[in-house]
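Throughout the sequence shown, residue numbering follows the numbering used here, covering -1 to 142 in sequence.
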Amino acid sequence: DHILFIASGAFHLAKPSDLLPELQGRLPIRVELSPLTREDLRRILTEPEHSLLKQYAALLGTESVTLDFRDDAVDALAELAADINDRIENIGARRLHTVLERLLEDISFTATDRGGETFVVDAAYVADKVAPLAQKGDLSRFIL
């Protein structure tokens, strides 16, 4: 169970020679992966059955709050996550979770008082809530 965790990049700064010889023998193939593109991040947000967008919509749905993510918002989120990955540290798709947390922070904390409301998340909302943080350079909130 834990070999996948180690082998999937959890310790990306470790060299194979840093591992025990017994563990090195169990990892016979080394594969270099390419960084995720904006399109990859967009697909991660939309295609899985339990994508992050659907998870957040379901989470807020427990408080009778409806989230409506527009296509331009999904594009803006993927673009922003890719830009932050390029400029700070490339942590791949994990960046999407931290960006979405920041985006939906206000809605999440006031959801209990806003039951029955529908929030439309579009590119303008993304730009208003998340993009200024990236432009200011205060990106410590996005680093896991």
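For glycine and all other residues, C-beta sits at the position ideal for the given N, C-alpha and C.
- Annotation for V124: A71, A74, L75, L78 and L101 place their beta carbon closer than 8 Å to its own, counting only its chain and skipping 5 residues before and after.
- Taking 7 Å as the cut-off, the Cβ atoms of L43 and L34 do not count as close.
- In the three-state reduction of the DSSP assignment, V29 falls in the coil class.
- DSSP places D66 in the strand class (E or B) of the three-state scheme.
- Rounded to the nearest whole angstrom, the CA to CA distance from L31 to A129 is 28 Å.
- In the DSSP secondary-structure assignment, V118 is bridged to D66.
- Taking all protein chains in view, the Cβ of L98 is crowded by 16 or more other Cβ atoms within 10 Å, so the residue is classified as buried.
- Around the beta-carbon of F107, fewer than 16 other beta-carbon atoms lie within 10 Å, marking it exposed.
- In the structure shown, the three-state DSSP call for N83 is helix.
- Contact between the stretch 114 to 123 and the stretch 56 to 65 is present: three or more C-beta pairs spanning the two stretches fall below 8 Å.
- At least 7 Å separates the beta-carbon of A91 from that of R36.
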